[in-house]
Amino acid sequence: MTENSATAIVEVGVDPQTAFDVFTGEIDLWWVRGPINFHDASRLTELRIEPGVGGRVVEVYDEAAGDVLVTAEITIWEPGRRLVLRGTMQETETDVRFEKTATGTRVQVTQFLLPGADPRKGGFGWVGKAQAYGAWTRRRDEAPRRPREVGRLAIVLYYEDPKATARWLMDVFQLGSWDVDQPPAEDDTFGWTEFHIGDSSVVLLPIKGQRPVDMPIVAMPWVYVDDLEAHYAHAVSRGARVVSKIRSHGSRTYVAEDREGYRWTFAQARPTMR
Numbered sequence: 001m002t003e004n005s006a007t008a009i010v011e012v013g014v015d016p017q018t019a020f021d022v023f024t025g026e027i028d029l030w031w032v033r034g035p036i037n038f039h040d041a042s043r044l045t046e047l048r049i050e051p052g053v054g055g056r057v058v059e060v061y062d063e064a065a066g067d068v069l070v071t072a073e074i075t076i077w078e079p080g081r082r083l084v085l086r087g088t089m090q091e092t093e094t095d096v097r098f099e100k101t102a103t104g105t106r107v108q109v110t111q112f113l114l115p116g117a118d119p120r121k122g123g124f125g126w127v128g129k130a131q132a133y134g135a136w137t138r139r140r141d142e143a144p145r146r147p148r149e150v151g152r153l154a155i156v157l158y159y160e161d162p163k164a165t166a167r168w169l170m171d172v173f174q175l176g177s178w179d180v181d182q183p184p185a186e187d188d189t190f191g192w193t194e195f196h197i198g199d200s201s202v203v204l205l206p207i208k209g210q211r212p213v214d215m216p217i218v219a220m221p222w223v224y225v226d227d228l229e230a231h232y233a234h235a236v237s238r239g240a241r242v243v244s245k246i247r248s249h250g251s252r253t254y255v256a257e258d259r260e261g262y263r264w265t266f267a268q269a270r271p272t273m274r
């Protein structure tokens, strides 16, 4: 990611026309209703893309009262090929390309500041939600047709390389969720990665520059897993540094460090835990 643009790429196993239709017609199902994912998340009832050039991206609050917020307008509408959105609340443009591949469609989302725009009036939310779009497209045939809400607690962790860390966490600690089911691509330039564990969010953000040598690592996320022994064996086999082996003290847990030194506690989930 640069100061002026960001890109994300996802691969989906559907044809370009279906990929386009899901991106535009099912946005309220794949754009997660987190606390900072909208301009007014506290009042949102629906997110909608109106089709065609001149169509709008609309946050609906109270449709009967005409209480909506237009966040972007469509300037290019080429079903199965390309979608371009010009922001109305932020000085950005988003270019979404759909390219046929041997196994489906490569979807590239690029968002950039408009020429002369104030960086403080920009943001790259469309790029940040590309992974959620990909995950929804891959599971939509079996998933409930209702918007997914996240819980009221989120943990934010800062890393020198959040993308590499995200790939490590998915491989070694087997993190992943209903809207992040694949690691971010090597050529993604967006700096934000978000997992959902149950209904709670774990957000990985970049440290500006290198981590100061005296910067303490005090966060210790707790993650509940279905089979603690199997999870422990997998983490060890993938090279995780175990700080504390499985033990029982109120809960059955073990502790391991990730690639940048954060310590994670993994605990055995209850049968009733979501």
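Be aware that the sequence shown starts at 1, since it is given in full-length UniProt numbering, and climbs by one per residue. Ideal Cβ placement from N, Cα and C applies to all residues, glycine included.
For residue i, which residues does DSSP report across the bridge?
i	result
Tyr61	Partner(s): none; Tyr61 has no beta bridge.
His196	Ser201
His249	Ser251
Glu260	Bridge partners of Glu260: none, in fact.
Ala230	Bridge partners of Ala230: none, in fact.
Gln268	Val225
Leu85	Ile74 and Thr94
Val9	The sequence shown places Ile at residue 9, not Val. According to DSSP, Ile9 bridges with Gln108.
Val242	Ala256
Val180	Ser177
When you compare only the Cα positions, how much space is there between residue i and residue j?
i	j	result
Phe173	His231	7 Å
Met1	Val243	Confidence at Met1 is low in this model, with a pLDDT of 47, below 50, so its placement is unreliable and the value that follows should be read with caution. C-alpha separation (whole angstroms): 34 Å.
Ser251	Gln268	7 Å
Pro162	Asp258	12 Å
Thr265	Arg148	26 Å
Ile207	Tyr158	6 Å
Glu26	Asp226	31 Å
Ser248	Glu229	13 Å
Arg48	Leu29	10 Å
Leu83	Arg241	45 Å
Thr88	Gly123	12 Å
Thr103	Ala64	43 Å
Leu204	Trp31	18 Å
Trp168	Trp222	17 Å
Val60	Asn37	14 Å
residue 318	Ala235	Because the chain is modelled from 1 through 274, residue 318 falls outside the range shown and cannot be assessed.
Arg86	Ala164	31 Å
Glu194	Lys100	27 Å
Arg33	Pro144	15 Å
Ile246	Pro119	48 Å
Ala19	Ala154	30 Å
Pro115	Gly128	21 Å
Thr272	Ala233	24 Å
Ala256	Arg263	6 Å
Arg43	Gly66	13 Å
Arg270	Arg146	26 Å
Ser237	Met220	22 Å
Gly239	Ala117	45 Å
Please return the same chain residues whose Cβ sits closer than 6 Å to the Cβ of residue i, not counting the five positions on each side in sequence.
i	result
Thr253	Thr265 and Ala267
Gly176	Met170
Trp126	Thr94, Val109 and Gln111
Glu50	Arg56
Ile197	Val223
Trp77	Gly52 and Val53
residue 332	Here the chain covers residues 1 to 274 and nothing more, so residue 332 does not appear.
Arg97	Arg82 and Gln108
In chain order, what residues of the same chain have a beta carbon less than 7 Å from the beta carbon of residue i, not counting five sequence neighbours either side?
i	result
Gln17	Pro79 and Gly80
Val68	Val58, Glu59, Val60 and Tyr61
Asn4	Phe112 and Leu113
Thr45	Val60 and Tyr61
Thr260	First, the residue type needs correcting, since residue 260 is Glu and not Thr in the sequence shown. Within the same chain, Glu260 has close Cβ partners Tyr159, Glu160 and Thr165.
His39	Glu59, Leu69, Thr71 and Met89
Grab me the residues of residue i's own chain with a C-beta within less than 8 Å of its C-beta, minus the 5 sequence neighbours each way, in chain order.
i	result
Thr24	Ile49, Pro51 and Leu83
residue 291	Not covered by the structure: residue 291. The range shown for the chain is 1 to 274.
Within the chosen definition, does the region 91-101 reach the region 61-81 through at least 3 CB pairs nearer than 8 Å?
Enough Cβ pairs lie closer than 8 Å, so yes.
Those runs of the alpha helix (DSSP H) which lie wholly inside the region 98-159 and span at least 4 residues:
125-128 and 130-139
Enumerated in chain order, which unbroken segments of the alpha helix (DSSP H) with a length of 4 residues or greater are wholly contained in the region 20-61?
27-30
Is the region 12-21 touching the region 133-142, taking contact as three or more C-beta pairs under 8 Å?
yes
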